[in-house]
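J.: Handing you a structure now.
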Amino acid sequence: MNSKKVPETLTIAGSDSGGGAGMQADIKTMQEHHVFATNVVVGLTAQNTLGVQSVLPTPVEMINAQFDSLYDDFDIKAAKTGALFDQERVETVVSNINKHNIHPIVVDPVMVAKGGARLLDDSGINAIINKLMPIADIVTPNLPEAEVIYGKKIETNDDVITAAAHIQQLGAKNVIIKGGHQQGDTLSDYVLLESGISFTIESKKYDTVRKHGTGDTLSSAIVANLAKGASIKDAIIEGKHYIDTILQSEIIVGHVHGPLNHWGAEDEIR
Numbered sequence: 094m095n096s097k098k099v100p101e102t103l104t105i106a107g108s109d110s111g112g113g114a115g116m117q118a119d120i121k122t123m124q125e126h127h128v129f130a131t132n133v134v135v136g137l138t139a140q141n142t143l144g145v146q147s148v149l150p151t152p153v154e155m156i157n158a159q160f161d162s163l164y165d166d167f168d169i170k171a172a173k174t175g176a177l178f179d180q181e182r183v184e185t186v187v188s189n190i191n192k193h194n195i196h197p198i199v200v201d202p203v204m205v206a207k208g209g210a211r212l213l214d215d216s217g218i219n220a221i222i223n224k225l226m227p228i229a230d231i232v233t234p235n236l237p238e239a240e241v242i243y244g245k246k247i248e249t250n251d252d253v254i255t256a257a258a259h260i261q262q263l264g265a266k267n268v269i270i271k272g273g274h275q276q277g278d279t280l281s282d283y284v285l286l287e288s289g290i291s292f293t294i295e296s297k298k299y300d301t302v303r304k305h306g307t308g309d310t311l312s313s314a315i316v317a318n319l320a321k322g323a324s325i326k327d328a329i330i331e332g333k334h335y336i337d338t339i340l341q342s343e344i345i346v347g348h349v350h351g352p353l354n355h356w357g358a359e360d361e362i363r
């Protein structure tokens, strides 16, 4: 019998019943990167490609129990957070990150679903900014999320640079501001590393509604690469490459905001 040790990872997020985003996207992404995914379910959502119909946060006691169970057994090399729903659950997650010394930790500050439904209330946003951001190794906001964290509109490249520096000053070591909401045919993601080095990653903008879960997928691809030993910079670049690769082909599922095609990178990931 053949056997091998594989890196173990963790997604701390909500469950998407439609399978396109949330921890379902995380687990698919991690699986494609040949790492083993564990999970802490912070909340349940009833959603499909049409939108989010209902949300049910997980009891705090159960969140704590999941963390304790995982860290009693698994050797987790890297982790991420996704949708955390409210202040109490953000604070519970922060407490467990500190308790179990969970690093590197990638924070995807999920605030709004693809269809527009709010997934985090105002007190939860404040907890993200003031309690989770300061312990993040990498934070991956899109432009609307970066505006909320920064507290100002982001309209120019200079605004992006200033916003990233502001987010870093909150305590996040490395910042990626994703350009998926930009106009035009080319997207530009801005990266500011802990060292002060900054760079942009440009990519083609695909005119499709079948890209539900791109933010979750990028953050979990970064986690997978970190777990396999990549540097922060290389993990970010490889994570973005994974997104670009799977956007080049589509699967038709549901009616509106369809999921990414995670099978699209099978020939490239080893």
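In my numbering, each number is its position in the sequence shown, counted from 1, plus 93. Ideal Cβ positions, reconstructed from N, Cα and C, are used throughout, including at glycine.
1) Rounding to the nearest angstrom, what Cα-Cα distance links S291 and M94 in this structure?
2) G280 by DSSP, collapsed to three states: which one?
3) Can you grab the Cα-Cα spacing for the pair H305 / S96, in whole Å?
4) Please give the ranges of any beta strand (DSSP E) in the region 285-344, keeping only runs that are unbroken, at least 3 residues long and fully inside the region.
5) Is there contact here, the region 316-328 with the region 209-224, by at least three beta-carbon pairs under 8 Å?
6) Return the chain-ordered list of same chain residues with a C-beta closer than 6 Å to the C-beta of G272, the five sequence neighbours on each side being excluded.
7) Can you tell me whether DSSP reads A85 as helix, strand or coil?
8) Using DSSP's beta-bridge definition, name the partner residues of N157.
9) With a cut-off of 8 Å, does the C-beta of K192 fall near any C-beta of chain E?
10) For I254, which of helix, strand or coil comes out of DSSP?
11) Look up L163 in the DSSP assignment and give the residues it is bridged to.
12) From the DSSP output, which residues share a beta bridge with L143?
13) According to DSSP, V186 sits in a beta bridge with which residue or residues?
14) Taking contact to mean at least 3 C-beta pairs separated by less than 8 Å, is the region 329-336 in contact with the region 182-195?
15) Contact check, M204 vs G264 under 8 Å by CB: the rounded distance?
16) By a C-beta neighbour count over all protein chains shown, 10 Å radius and 16 as the cutoff for buried, is V284 buried or exposed?
17) If contact is defined by three or more beta carbon pairs under 8 Å, each pair taking one atom from either stretch, is the region 239-257 in contact with the region 300-314?
18) What residue from T293, W356, P234 and V346 has the CA that sits closest to S312's CA?
19) What number of angstroms, rounded off, separates the C-alpha of P237 from the C-alpha of D201?
20) The beta strand (DSSP E) with T104 in it runs from where to where?
21) Would you say V199 touches the ligand ATP, meaning its beta carbon is less than 7 Å from a heavy atom?
22) In the DSSP assignment, the beta strand (DSSP E) including Q172 goes from what residue to what residue?
23) Restricting to Cα atoms, I'd like to know which of L353, G112 and Y164 is closest to L103.
24) Quick check: the Cα distance between K121 and G113, rounded to an integer number of angstroms?
25) Where does V200 fall in DSSP's three states?
T.: Quick answer:
1) Along the sequence shown, read from residue 1 onward, the residue named residue 291 stands at position 198. Along the sequence shown, read from residue 1 onward, the residue named residue 94 stands at position 1. S291 and M94: Cα-Cα distance of roughly 47 Å.
2) Position 187 of the sequence shown, counted from the first residue, corresponds to residue 280. The displayed chain sequence assigns Leu, not Gly, to residue 280. Note: L280 maps to strand in three-state DSSP.
3) One-based indexing of the sequence shown puts residue 305 at position 212. One-based indexing of the sequence shown puts residue 96 at position 3. So the alpha carbons of these two residues sit roughly 35 Å apart.
4) 291-297
5) no
6) Reading the sequence shown from its first residue, position 179 is the one you call residue 272. If we look at G272 and ignore the five residues flanking it on each side, its Cβ neighbours are L280, S281 and D282.
7) Absent from the structure is residue 85, since the part of the chain shown begins at 94 and ends at 363.
8) Here residue 157 is taken as the residue at index 64 of the sequence shown, counted from 1. Answer is none; N157 lacks a bridge partner.
9) Given the protein chain composition of this structure (a single chain), no chain E is represented.
10) Translated into positions along the sequence shown, residue 254 becomes position 161. Here I254 sits in helix by DSSP.
11) As a first step, residue 163 must be located in the sequence shown, where it is residue number 70. Per DSSP, none; premise fails for L163.
12) As a working mapping, residue 143 is identified with position 50 in the sequence shown. Answer is none; L143 lacks a bridge partner.
13) Start at 1 with the first residue of the sequence shown, and residue 186 comes out as number 93. None, per the DSSP bridge assignment.
14) no
15) By one-based count along the sequence shown, residue 204 stands at place 111. By one-based count along the sequence shown, residue 264 stands at place 171. Going by Cβ atoms, the distance from M204 to G264 rounds to 18 Å, so no, they are not a contact pair.
16) Indexing the sequence shown from 1 puts residue 284 at position 191. Label assigned to V284: buried.
17) no
18) Looking up residue 312 in the sequence shown gives position 219. Nearest of T293, W356, P234 and V346 to S312, Cα basis: P234.
19) Along the sequence shown, one-based indexing puts residue 237 at 144. Along the sequence shown, one-based indexing puts residue 201 at 108. Rounded to the nearest angstrom, the two C-alpha atoms are 13 Å apart.
20) The residue given as residue 104 occupies position 11 in the sequence shown. From DSSP, the beta strand (DSSP E) with T104 extends over E101 to D109.
21) With respect to the ligand ATP, the structure offers nothing, as it holds no ligand at all.
22) As a working mapping, residue 172 is identified with position 79 in the sequence shown. Here the sequence assigns Ala to residue 172, which means Gln is not the residue at that position. Looking at the DSSP string, the run of the beta strand (DSSP E) that includes A172 is I169 to T174.
23) As a working note, residue 103 is residue 10 in the sequence shown. L103 has its Cα closest to that of Y164, out of L353, G112 and Y164.
24) The count along the sequence shown starts at 1 and reaches residue 121 at position 28. The count along the sequence shown starts at 1 and reaches residue 113 at position 20. Answer to the nearest angstrom: the Cα atoms are 10 Å apart.
25) One-based indexing of the sequence shown puts residue 200 at position 107. Strand at V200.
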